[in-house]
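Following our numbering, the numbering of the sequence shown begins with 1 at its first residue and continues without gaps. Below is one structure, written out as structure tokens; the observations come after it.
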Amino acid sequence: MEDTTIHEIDFALINEYFTALERQGPGSREQTIKALGFLEHLSDTTKIADLGCGTGYQTMVLAQNTEATITTLDLYAGSIDRLLATAEHLGFKNRIQGVVGSMDALPFRQEEFDVIWSEGAIANIGFEKGLQYWRNFLKKDGYIAVTYESWFTETRPEEIEAWWHDAVPEITTIGHNIILMQQAGYVPVAAFALPEQCWTDHYFVPQQARQEEFLKQYPGNKSVENMIAFLRREAKLYEQYKQYYGYVFYIGRKI
Ligand code: SAH
């Protein structure tokens with residue numbers, strides 16, 4: 001069971017599991033607001049794209065803390081449905097749109113956006129490729145703000161190195177990612193690591209009850225059991241090796 005990798009987990013299954021949760025990746029309201037604080041010249045004409053938005057926890061934080069119009073995009077229709085229901089409930093229906101689509105084939109115009117936001121999702125296209133490709137859809141001087149798994153140290157114990165090498169083969173250090181951002185045509189504006197609570201309180205803890213519920217919902221289902229074993233191992237490894245890695249917010253301005 002410990003051999004299950006992220007790539008073997010069924011996309012529909014993992015989305016069904018995660019869409020019942022507020023977030024699908026580490027992060028928090030406070031850290032989204034902190035990142036937003038680095039962006040200048042936001043107004044009611046600002047257009048933000050939120051890529052790999054999931055059920056839109058960070059989208060609502062962006063809507064509450066700006067006057068911008070936000071176009072969200074995710075590959076999973078169930079997440080977009082839930083996001084739009086939340087947007088309507090919070091009174092943001094006129095400022096938030098939802099698109100089902102892939103982040104590597106964006107259905108947008110060149111230079112359409114002032115801001116591209118993406119929390120916990122850029123690894124699906126690759127950090128370097130995402131920065132390069134998404135740049136086409138940003139206006140000059142527009143901002144990119146993404147969170148991405150990163151090493152905190154130059155060397156790591158083998159167990160955690162192997163885990164991340166499988167999940168995110170391109171994972172590298174913060175310093176190297178900043179260079180990649182610069183090479184992709186952005187002025188690096190800020191990079192900061194998300195605090196531990198973004199993983200524990202906002203990601204792993206809410207999953208515990210969901211895991212019990214999911215196992216009960218699918219008794220004897222091997223795919224479900226393997227997926228839950230994978231997610232539990234992810235949490236255990238974090239506890240053991242958190243000094244070596246984390247999510248980092250990278251913010252850049254298009255040159
Ligand atoms: N931003 C949210 C969700 C992060 S999880 C949060 O921080 O809570 C990553 C999200 O990326 C999932 O919702 C998944 O469906 C989506 N995703 C994965 N591959 C994608 C792709 N190729 N294009 C668009 N979205 C994708």
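Ideal placement from N, C-alpha and C gives every residue a C-beta, glycine not left out.
In this structure, what does DSSP give as the bridge partners for residue i?
i	result
Pro188	Gly252
Ser43	Ser43 pairs with nothing; no bridge assigned.
Gly246	Ser150
Ala193	Val248
Leu73	Leu51 and Val99
Ile144	Ile116 and Gly252
Leu36	Bridge partners of Leu36: none, in fact.
Leu138	Phe113
Thr173	Trp151
To the nearest angstrom, how far is it from the Cα of residue i to the Cα of residue j?
i	j	result
Thr153	Gly175	10 Å
Met1	Arg232	Below a pLDDT of 50, predicted positions are generally treated as unreliable, and Met1, at 44, falls in that range; the measurement from the model is reported next regardless. In a straight line, the C-alpha of Met1 is about 11 Å away from that of Arg232.
Gly91	Ala63	10 Å
Arg156	Thr147	21 Å
Phe204	Glu40	33 Å
Glu22	Ala121	15 Å
Thr314	Gln207	The first residue shown for the chain is 1 and the last is 255, placing residue 314 beyond what the model contains.
Ala12	Met181	32 Å
Leu340	Val100	With the chain covering 1 to 255 only, the question about residue 340 has no answer from this structure.
Asp166	Lys216	29 Å
Ala68	Glu128	27 Å
Met257	Arg95	Residue 257 is absent from the structure shown; the chain starts at 1 and stops at 255.
Tyr218	Val224	7 Å
Ile9	Met227	6 Å
Tyr244	Glu234	14 Å
Lys93	Gln58	16 Å
Ala46	Glu212	Reading off the sequence, residue 46 comes out as Thr, not Ala. Approximately 42 Å, taken between the alpha carbons.
Give every residue of the same chain whose Cβ lies closer than 8 Å to the Cβ of residue i, excluding the five residues on either side of it in the sequence, and list them in chain order.
i	result
Lys242	Glu196 and Trp199
Gln110	Asn136 and Phe137
Ala191	Ile174, Asn177, Ile178, Val248, Phe249, Tyr250 and Ile251
Gly78	Asn15, Glu16 and Thr19
For a test of your reading of the model: does the CB of residue i fall under 7 Å from any non-hydrogen atom of the ligand SAH? Yes or no.
i	result
Asn65	no
Gln97	no
Tyr294	Nothing can be reported for residue 294, as the shown portion of the chain is limited to 1 through 255.
Ile80	no
Met227	no
Asp10	no
Cys53	yes
Glu119	yes
Asn136	no
Asp201	no
Leu73	yes
Asp166	no
Gly27	yes
Gln132	no
Ile251	no
Asp257	This structure cannot speak to residue 257, because the chain is shown only from 1 to 255.
Gln211	no
Asn15	yes
Ile70	no
When burial is assigned at 16 or more other CB atoms within 10 Å of the CB, is residue i buried or exposed?
i	result
Ile251	buried
Val248	buried
Pro26	buried
Thr5	exposed
Glu119	buried
Asp50	buried
If you drop the 5 nearest sequence neighbours on each side, which residues of the same chain put their C-beta closer than 6 Å to that of residue i?
i	result
Ile125	Met103 and Asp104
Leu84	Gly98
Ile171	Glu149 and Trp164
Glu112	Phe137
Phe38	Val189, Ala190 and Ile251
Tyr143	Leu39, Val115 and Arg253
Ala184	Leu131 and Gln132
Ile80	Asp74, Gly98 and Val100
Which same chain residues, not among the five before or five after residue i, have their C-beta less than 7 Å away from its C-beta?
i	result
Asn221	none
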